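Peer 1:
Number of protein chains: 2
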Amino acid sequence: MTNDLLIKNITKNVAFSKTELEEFTQLFHSKSIKKKEFLLTQGEICKFEGFVLEGCFRIFIIDKKGNENTLYFAAKDWWLMDIDSFMNQIPSNLNMQALEDSKVLLINKQDKIALYDRFPKVEKLFRIMSQKALVSWQRRLINNHSFTAKERYFHFIEKYPDIASKLTDKQIAGYLGIRHEFLSKIKRQS
Amino acid sequence: MTNDLLIKNITKNVAFSKTELEEFTQLFHSKSIKKKEFLLTQGEICKFEGFVLEGCFRIFIIDKKGNENTLYFAAKDWWLMDIDSFMNQIPSNLNMQALEDSKVLLINKQDKIALYDRFPKVEKLFRIMSQKALVSWQRRLINNHSFTAKERYFHFIEKYPDIASKLTDKQIAGYLGIRHEFLSKIKRQS
DNA sequence: GAAAACAGTTGAACAAGTTCAACATGTAAA
DNA sequence: TTTACATGTTGAACTTGTTCAACTGTTTTC
Numbered sequence: 001m002t003n004d005l006l007i008k009n010i011t012k013n014v015a016f017s018k019t020e021l022e023e024f025t026q027l028f029h030s031k032s033i034k035k036k037e038f039l040l041t042q043g044e045i046c047k048f049e050g051f052v053l054e055g056c057f058r059i060f061i062i063d064k065k066g067n068e069n070t071l072y073f074a075a076k077d078w079w080l081m082d083i084d085s086f087m088n089q090i091p092s093n094l095n096m097q098a099l100e101d102s103k104v105l106l107i108n109k110q111d112k113i114a115l116y117d118r119f120p121k122v123e124k125l126f127r128i129m130s131q132k133a134l135v136s137w138q139r140r141l142i143n144n145h146s147f148t149a150k151e152r153y154f155h156f157i158e159k160y161p162d163i164a165s166k167l168t169d170k171q172i173a174g175y176l177g178i179r180h181e182f183l184s185k186i187k188r189q190s
Numbered sequence: 001m002t003n004d005l006l007i008k009n010i011t012k013n014v015a016f017s018k019t020e021l022e023e024f025t026q027l028f029h030s031k032s033i034k035k036k037e038f039l040l041t042q043g044e045i046c047k048f049e050g051f052v053l054e055g056c057f058r059i060f061i062i063d064k065k066g067n068e069n070t071l072y073f074a075a076k077d078w079w080l081m082d083i084d085s086f087m088n089q090i091p092s093n094l095n096m097q098a099l100e101d102s103k104v105l106l107i108n109k110q111d112k113i114a115l116y117d118r119f120p121k122v123e124k125l126f127r128i129m130s131q132k133a134l135v136s137w138q139r140r141l142i143n144n145h146s147f148t149a150k151e152r153y154f155h156f157i158e159k160y161p162d163i164a165s166k167l168t169d170k171q172i173a174g175y176l177g178i179r180h181e182f183l184s185k186i187k188r189q190s
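Written out as structure tokens, the structure is:
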């Protein structure tokens, strides 16, 4: 069943009954995205919250200097959305690009609201997920302050080898916050 | 009334009835912290979630190189806690120090859980608050990647002049992720 | 009110990371 | 299969930020 991964993901955080899970998952519809295609591009309003079933995405911003600055990668079993754009229905600054042929489950804003209203536990679920995400963003910022680019690079490829293997060095550099030329030099000297 | 600020803060995000608000605020108890004293030090388990009524706090980590790395400042009308330590009852890495004589409202874990169970809207409240916080952490990371220390410094003192005025340059440097000697040079050259 | 402790400044040498340009290599497309 | 375009590598010069040490000025503290 295509919803198994989603069910497994949410029940890690909050327990739901079988019927609740059915209602929950029914509101998601699946979408396939070919490699290099975009699920969202900057300027659009993010009308969905997504869960990755297959493949991998790169979520990035193009900053004022024209650099592609990667916020995060969303592989299988990850969520992806632009919260700011989704919550406030304002144009997004984010781009979400498939790194390979991918499949996502999407829920739109109306259905998400319906879900919140129908099941208070869904509020709890996303409260917990958001708080967990907060912890990792805090850690990432501290790591950026505490470690050199070289240390961050080796930490990244060690912690996420399966994601790293799908990425070009340019994309990894965009995640680490360095230029790809410098990443090339890091790799040579080690 | 001492709870007015808290009530105003939460009703910005979710509407509550008067009686709900009373039950809500009753579970908080106030605590005064003198300048330079700590609300939490690393190694302790964070047993509270706090809301600042008066004063200001600096929330920082001491990294492996011995540098004080500031995650954020919590002034009046801000929340502060170590989510990771609070949720999982594990020792905290964080230090929360009062920058001036301060007053906070605290709720402990049991009461917080009781609140979640009693009012599903409280789940919604903290879900929304967490999601808003997520957006600003994402922005902060991108800003750290996109801007020089000088740009970040002027952005900070412009955006938070009242907090900045309470801080030493060492503390500001710890927030920007640079050494205080370098901050001194930034200020001179401009 | 003196001593100690801490915050801020400065300079010089250094390390980390960028920029730009040139070239090599791989890969998608016609 | 060749063209075209992206990615990756390298070097040299440069900018940003660090380190350490010495000095000055301010607060605490006894």
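Just so you know, the protein sequences line up as chains C and V, in that order.
Numbering follows the UniProt record's numbering, with no gaps: position 92 of the first sequence is 92.
Numbering follows the UniProt record's numbering, with no gaps: position 16 of the second sequence is 16.
Using N, Cα and C, we set each Cβ at its ideal position, and we do this for glycine too.
In this text the structure is predicted, and so the values were computed from the model without any measurement.
(1) For the alpha helix (DSSP H) holding residue 14 (chain C), just list the boundary residues, first then last.
(2) Could you list which residues in chain C have their beta carbon closer than 7 Å to that of residue 145 (chain V), in chain order?
(3) Can you name the start and end residues of the beta strand (DSSP E) that residue 48 (chain V) belongs to?
(4) Check whether the stretch 94-103 of chain V touches the stretch 51-59 of chain V, taking contact to mean three or more Cβ pairs, one atom from each stretch, closer than 8 Å.
(5) Report the option in C:44, C:22, C:54 and C:42 whose CA atom is closest to the CA atom of residue 34 (chain C).
(6) Skipping 5 residues on each side, what residues in its chain have a beta carbon closer than 6 Å to that of residue 51 (chain C)?
(7) Between V:114, V:95, V:143 and V:129, which has its C-alpha nearest residue 62 (chain C)'s C-alpha?
(8) Between residue 125 (chain V) and the rest of its own chain, which residues show a CB-CB distance below 8 Å, the 5 nearest in sequence each way excluded?
(9) Could you give the DSSP three-state label for residue 93 (chain V): helix, strand or coil?
(10) Taking the beta carbon of residue 66 (chain V) as the centre, do at least 16 other beta carbons fall within 10 Å, making it buried, or is it exposed?
(11) Quick one: grab the DSSP three-state call for residue 126 (chain V).
(12) Taking residue 186 (chain C) as part of the beta strand (DSSP E), name the residues at either end of that continuous run.
(13) On the three-state DSSP scale, how would you describe residue 156 (chain V)?
(14) Taking only beta-carbon positions, decide if residue 130 (chain C) is within less than 8 Å of chain V.
(15) Can the beta-carbon of residue 90 (chain C) be found closer than 8 Å to that of residue 45 (chain C)?
(16) Could you have a look at residue 25 (chain V) and say whether DSSP puts it in helix, strand or coil?
(17) Taking Cβ-Cβ distances shorter than 8 Å, what residues in chain C pair up with residue 111 (chain V)?
(18) Can you tell me where the beta strand (DSSP E) holding residue 102 (chain V) begins and where it ends?
(19) Taking beta-carbon pairs under 8 Å, can you tell me which members of the UniProt domain "Cyclic nucleotide-binding" (31-117) of chain V lie near chain C?
(20) Could you tell me which of C:95, C:187 and C:141 sits nearest to residue 69 (chain C), measuring between CA atoms?
(21) Compare the C-beta of residue 138 (chain V) against all C-beta atoms of chain C and say whether one is closer than 8 Å.
(22) For the stretch 130-138 of chain V against the stretch 133-142 of chain C, do three or more pairs of beta-carbon atoms, one drawn from each stretch, fall closer than 8 Å, so that the two count as touching?
(23) Going by alpha carbons, who is nearest to residue 190 (chain C) out of C:174, C:177, C:149 and C:171?
(24) Output the boundary residues of the beta strand (DSSP E) element that contains residue 38 (chain V).
(25) Answer yes or no: does any C-beta atom of chain C fall closer than 8 Å to that of residue 12 (chain V)?
(26) With residue 3 (chain V) as the anchor, note down where its alpha helix (DSSP H) starts and where it stops.
(27) Just the C-alpha distance for residue 177 (chain V) and residue 159 (chain V), rounded to the nearest angstrom, thanks.
(28) Looking at residue 103 (chain V): is its Cβ nearer than 8 Å to the Cβ of residue 49 (chain V)?
(29) In whole angstroms, give me the CA-to-CA distance for residue 72 (chain C) and residue 179 (chain C).
(30) So for residue 167 (chain V), helix, strand or coil by DSSP?
(31) Are the C-beta of residue 21 (chain V) and some C-beta of chain C separated by less than 8 Å?
(32) Counting only C-beta atoms, is residue 6 (chain C) closer than 8 Å to chain V at any point?
(33) Where do the ends of the alpha helix (DSSP H) carrying residue 73 (chain V) lie?
(34) Quick one: residues in its chain with C-beta nearer than 6 Å to the C-beta of residue 82 (chain C), no 5 flanking neighbours on either side, listed in chain order?
(35) Quick one, which residues of the stretch 150-184 of chain C are near chain V if we go by CB-CB under 8 Å, in chain order?
(36) On the CB-based measure, 16 or more other CB atoms within 10 Å of its CB, does residue 25 (chain C) come out buried or exposed?
Peer 2: This is what the structure gives:
(1) Taken as a continuous stretch (DSSP letters only), residue 14 (chain C) belongs to no alpha helix (DSSP H), as it is neither H nor E.
(2) 69 and 177
(3) 48-54
(4) yes
(5) C:54
(6) 6, 79 and 105
(7) V:143
(8) 10, 13 and 14
(9) coil
(10) exposed
(11) helix
(12) Unbroken run through residue 186 (chain C) is the alpha helix (DSSP H), 180-188; no beta strand (DSSP E).
(13) helix
(14) yes
(15) yes
(16) helix
(17) Near residue 111 (chain V) there are no residues of chain C at all, since even the closest Cβ is about 17 Å away, more than 8 Å.
(18) 102-108
(19) 61, 63, 64, 65, 67, 69, 71, 83, 84, 87 and 116
(20) C:95
(21) yes
(22) yes
(23) C:149
(24) 38-40
(25) no
(26) Residue 3 (chain V) -> no alpha helix (DSSP H), and no H or E assigned at all.
(27) 17 Å
(28) no
(29) 17 Å
(30) coil
(31) no
(32) no
(33) No alpha helix (DSSP H) holds residue 73 (chain V); the beta strand (DSSP E) holding it covers 68-75.
(34) 46, 92 and 94
(35) 177
(36) buried
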